[in-house]
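Structure first, commentary second.
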Amino acid sequence: MSTTTITHDEEHHDHPTGIMRWLTTTNHKDIGTMYLTFSLIMFLVGGAMVLGIRAELFQPGLQLMKPEFYNQLIGVHALIMIFSALMPAATGFANWMIPLQIGAPDMALPRLNNWGFWLLPPSAILLTLPFTLALFGIGDGAIATGWTFYPPLSVQGGIGVDFAIFAVHLLGISSVMGSINIIVTLFNMRAPGMTLMKMPMFAWGWLITAFLLVATIPVLAGAVTMLLTDRHFGTHFFSAAGGGDPIMFQHLFWFFGHPEVYILLLPVWGFIPQILQTFSRKPMYGYKAQVYSLWAIGALSVVVWAHHFFTAGMPVPALLYFMYSTMAISLPLAVLFFCWIKTMWRGSMTFETPMLFAVGWIILFGIGGLTGLVLADVAADAQYHNSYFVVAHFHYTLFAGGIMGIMAGVYYWLPKMTGHMYNEKLGKVHFWLTAIAFNMTFIPQFFLGLAGMPRRIPDYAIQFTEFNEISTIAAFALGFSQLLFVYNIVMCVKGGKKATDKVWEGAVGLEWTLSSPPPYHSFTEQPTVN
Amino acid sequence: MASHLENQYFVPHGSIYPSILSVGLLTMASGFIFSVAIDKSKDLAYLQSPGKWMMILGAVITTAMVFKWMGAVITESLTNKYKGWEDKSFRIGMITFICSEVAFFMAFFGTLFYMRIISIPDLAGYDADITPYKNFLATWPSQGPGGIVLGNEFKVNAGMEFMKPWGLAAINTGLLLTSGATITWAHWALIKNNRTQLILGMFATVALGIAFLACQAVEYHEAYTHMGLTLGSGAYGATFFMLTGFHGFHVTLGTIMLIVILIRCMKGHFTPEHHFGFEGVAWYWHFVDVVWLGLFIFVYWL
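What follows is the structure, encoded as C-alpha cells:
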C-alpha cells in the first residue's frame, strides 16, 4: 500500500490563463482536450474537402475544378483525416483516459506530452499552406499524388510535395513522442496492484498501437526523406536509371502504411469492449483472448504490407505469402468479434448513444473487414485494385471502424470529461443519420468499383452516373449531420444535466470512481487495485 | 507499484519551450522548402534567399529551445525533483526512443538490401533490345545502368571509385569501438566516485567522437573531389551517403551531448547513485556505435 501524491510544482505559481495556459500546459487533461478539439476541427476541414470531391463527382465530366485541384483535394483529405483527425482523436482519449484508467497522477513525461500536441498545428499548416500560396501565385498547390506519395509522380510534383513531406516529418515526431509517453506511462505509472493483465482494454489497445508507431513511423520518415533527396539532391533511390526502383518506395511506404491501419483501429478495439460491457451490464467476455488477439494482430500487421500493391509486380511466391499472411489476420480478428458479441450475449442491454454507435460499429466494421478479405485475394485483387471498391472498403474500416468508433468513445466519456450529460435524443438522431447516410454513401461505391470505376479520377463513364449521384447526396447528408455532433458537444461543454460520478449504471473502472468532471490533478493519491 | 519507495511523482509546471520548439521546426521546414523551390520551378528563384534566412532562423530557435528545455530538466535534476520513480520513466522513455531510431536506420538498410538483392539484378535481367540499359552488369557496387528517366539523362561515370573497407573506414571503426570502451570506463569511474578517471574517460570519448567526424569529413572530401563518388552516383552513391550521412549526423548530435555531459561531470552534477543523464547519453552513444558496425559490414566491407 503506497499512497502517492504528485509534487505540485504548479502550486507555487498561479495557473496561467488564456492562451498561455494552453501553450504551456503539462496537464494530461488539458493536452487531451487540445488533441480532441484539434481533431474535431480537422475532421470538419477534411470533410469539407471531400464534399468538394463528391460535388465534382455528382455528374460525369468536369464541372467545378481542374483535375490537378481534384488530385490535391483527395491527397490532402486523406492525410488530414488520417494524421490530423483520427490519430489525434485516439491520442486525445489516451491522454484523457489512460491516467484515469490506470490510477496515475498524470502522464509520465508531461512536457514531452505538450510538445507532442504542439507539433500538430504546424504540420496542419504545412499540409494546407500550399493551397493559400497557390492563390498568391507561389507554386501550384498542395500535394497531388494522393496520400501515398508514390514516385515518380511525387518526384516530379511541385512544392506541395515538399510541404507534405515535412508535414509527415512533424506528424511522425509527434506520434513517436506521444507513443513514448504512453509506453512509459503504462509501464511505470500503473496503480499498485494493477498488473498488466488487469489493465483496461483501452490501455492494451494503446500499448500495442504505441509499439507499432515506434516501429513503423521512422520507416516512413526515412522513405519520405529519400523522396526529398531524389527530388532535390540528385539521388536515384526511386529511379531505375540509377539502379533504384519506384516499387521500393511502395514497400517502404506500406511497411508503415499497413500497420497504420491498425494504429488507427487498435485504440478503438480497446474502448469498444468497455462500452459493450458497460451497457450489457456484465463483465467483458474473453479478456485474455482479446489481449492475445490484439498482440497477434499487431505482430501480423508488420509482415503483410505488400497486399496493397499486388498488381505492381512481384514474384508469385511473394504474392502467395502476402495473401496468406494477410488472411491470417482475420483469425485473431474473428476471435475479437466473437468476444464482442459474446459480451453482449444475454446481457441486460440498453441502447444509449454510445452503445448504439458501438453496436453499429461492430456491423459496419465487420463489412469493412470482410471486404478486406476479398481484396487480400491475389486473383480477385487484379479486378478490385485501384477501383472504388477499395475506396468503399477503407471507408468502412476507417470511417465506420475508426471515426464512428471514436464517436462512441466521445459520447461514452463526454459526461465524465465535462460533468454534464449530452442531449441523448440528439445523440441518437446523430447516430441514425450518420449510419444511414454513411451506408448510402459507400454501398453504391462497392458496386461502382465492381463495375470498373477507377479511383482518383475526377471524371467517369456515363453508366456510373446514378450511383455517383446517390453517393454524393448521401455524402452531403453525412457531412451536415456531423454538425449535430459538434452542436451536441458544444452544448454539453457549456452546460446541461449534471452527470453523476459513475455516469452509466454498468460502468466499471477507475475513471468512474472520480468526480465528473475529474479534478485538475486526479489521483493525487494512487488507488490500490485488488 | 510496490517498488515506488518515493511516493511523489514530479509533474513539472507549464513550459513554453515545447510550443516554441514546434514553431522553430515549422520555420526551419518552410525555409528549407523555399530555399530548394527553384529545383521545381524557375519562377520561384526569388524565394531561395529568404528561404535560407528562414531556415537559419528556424534552426536558431530550435537549438535555443532544446538547450532551454534540457537546461530546465538539469535544474530540476539538481534540485532533487527526480527520484527513483521519475528516473525509471526516463529510462523506459530513452530505450523506446532508441528503438525508434533503430527503425529509422532500418529504412535505409532495407533500401540498401532491396537495391542489391532485387532492383539491380532485376535491371540486368531485362532484354537489352527493349530497354535503354544496354551492357549493364548487375554487380555491386553499382552506379546504375544509366539511361534517360523523366527526361533526365543519367550518365555512368566510368572512372568512379568505390569505398574500401580497410582504409579510413577501418580506422573509424577502431575510433568508435574505442570510444565505446572509454565511455564505459568513465561510467565505472562514476560509480566508484572517481572524478579524475571520469573526466579523463569522458574527455577521451569526446575526442574520439570528434576524430571520427574529422575522418568522415576527409572521406567525403575525397569522395567528391577525387573519386567521383557523389550523392548522384546512382544506387551506390545514394545509399552510401544516405547511410553514412545520417549516421554522421547522429554522431554529431551524440558528440554535442557528450560535451554537455563532460561539462556536467566537471561541475560535479552526477552522483554514483543518480546519473541518468550520463547513462542516457552513453546508451545513445552505444547505439550509434552499433549502427556503425552495421555500416562497416554492409556498406564498406561486403
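These protein sequences, in sequence, are chains P and V. If you're matching positions, the first sequence starts at 689 in my numbering and goes up one per residue. If you're matching positions, the second sequence starts at 69 in my numbering and goes up one per residue. Where is the CB? At the ideal position from N, CA and C, for every residue including glycine. The structure displayed is predicted, hence computed values, not measured ones.
Query: How should P:I960 be labelled, buried or exposed, when 16 other C-beta atoms within 10 angstroms of its C-beta is the threshold for buried?; Result: buried
Query: Quick check: what's the CA-CA separation for P:F1130 versus P:A766?; Result: 16 Å
Query: Return the Cβ separation of P:V764 and P:T816 in integer angstroms, given the expectation that the two are a contact with Cβ distance under 8 Å.; Result: 7 Å
Query: Look up P:V1217 in the DSSP assignment and say whether it is helix, strand or coil.; Result: coil
Query: Determine the chain V residues that contact P:Q844 at a beta-carbon separation under 9 Å, and present them in chain order.; Result: K108, L218
Query: CA-CA distance, P:A984 and P:P1146?; Result: 39 Å
Query: Which runs of the alpha helix (DSSP H) spanning at least 4 residues fall entirely within the stretch 909 to 989 of chain P, listed in chain order?; Result: 934 to 968, 975 to 989
Query: Below 8 Å on C-beta distance, what does P:A1006 contact in chain V?; Result: Residues of chain V passing the Cβ test: none, with the nearest at roughly 10 Å.
Query: What residues in its chain sit with their C-beta under 6 Å from that of P:L1136, if we drop five residues either side in the sequence?; Result: Y1076, F1152, F1155
Query: Please list the terminal residues of the continuous alpha helix (DSSP H) segment that includes V:G215.; Result: V:G215 -> not in any alpha helix (DSSP H); beta strand (DSSP E) instead, spanning 215 to 217.
Query: To be precise: take each residue of the stretch 78 to 91 of chain V, compare its Cβ to all Cβ atoms of chain P, and keep it if any distance is under 8 Å. Which residues remain?; Result: F78, V79, P80, H81, G82, S83, I84, Y85, P86, S87, L89, S90, V91
Query: Going by alpha carbons, who is nearest to V:M295 out of V:T323, V:T241, V:G227?; Result: V:G227
Query: Going by the DSSP bridge assignment, what does V:E221 pair with across the sheet?; Result: V:I216
Query: Just mark P:W1033 as buried or exposed, buried being the case when its beta carbon has 16 or more other beta carbons within 10 Å.; Result: exposed
Query: Between which residues of its own chain and P:P934 is the CB-CB distance below 8 Å, once the five residues before and five after are set aside?; Result: Y838, P839, P840, F926, S927, A928
Query: Got a sec? Which residues, its chain only, sit under 6 Å from V:N240 by beta carbon, not counting five neighbours each side?; Result: F280, C283
Query: Can you tell me where the beta strand (DSSP E) with V:Y77 in it begins and where it stops?; Result: 76 to 79
Query: For the stretch 1101 to 1109 of chain P against the stretch 1056 to 1071 of chain P, do three or more pairs of beta-carbon atoms, one drawn from each stretch, fall closer than 8 Å, so that the two count as touching?; Result: no
Query: Whose C-beta lies closer than 7 Å to the C-beta of V:M96 among residues of the same chain, with five residues either side of it excluded?; Result: M123, G126, A127, T130
Query: V:K156 touches chain P at which residues, Cβ-Cβ below 8 Å?; Result: N876
Query: Does V:Q265 have its Cβ less than 8 Å from a Cβ in chain P?; Result: no
Query: Given a cut-off of 8 Å, decide if V:I267 and V:F334 are closer than it, judged by their beta-carbon atoms.; Result: One point to set straight first is that residue 334 of chain V is Met, not Phe, in the sequence displayed. Yes; because the gap between Cβ atoms is below 8 Å, this pair is in contact.
Query: Name the DSSP bridge partner or partners of P:P1142?; Result: P:S1075
Query: If you draw a straight line from the C-alpha of V:D111 to the C-alpha of V:A105, how long is it?; Result: 9 Å
Query: So with CB distances below 7 Å, who are the chain V contacts of P:A909?; Result: F172
Query: Hey, is P:T692's beta-carbon within less than 8 Å of any beta-carbon in chain V?; Result: In this prediction, P:T692 scores a pLDDT of 48, lower than 50, which makes its location untrustworthy; no coordinate-derived value is stated.
Query: P:M914 versus chain V: which residues are under 9 Å apart at the beta carbon?; Result: A175, F176, T179, A306, M310
Query: State the Cα-Cα distance for the pair V:L276 and V:A350, rounded to the nearest angstrom.; Result: 14 Å
Query: Does the beta carbon of V:Y182 come closer than 8 Å to any beta carbon on chain P?; Result: yes
Query: Please confirm whether V:V79 and P:P793 have their CB atoms less than 8 Å apart.; Result: yes
Query: Drop a sphere of 10 angstroms on the beta-carbon of P:M708, count the other beta-carbons inside from all chains shown, and report buried for 16 or more, exposed for fewer.; Result: exposed
Query: Is the Cβ-Cβ distance between V:L330 and V:F271 less than 8 Å?; Result: yes
Query: Cutting at 7 Å between CB atoms, please list the residues of its own chain near P:F1087, excluding the five before and the five after it.; Result: F1126
Query: In the structure shown, what three-state DSSP assignment does P:K1030 receive?; Result: helix
Query: Between P:I853 and P:W835, what straight-line distance do the alpha-carbon atoms span, to the nearest angstrom?; Result: 11 Å
Query: Taking 8 Å as the threshold (beta carbon to beta carbon), is V:T131 in contact with chain P?; Result: no
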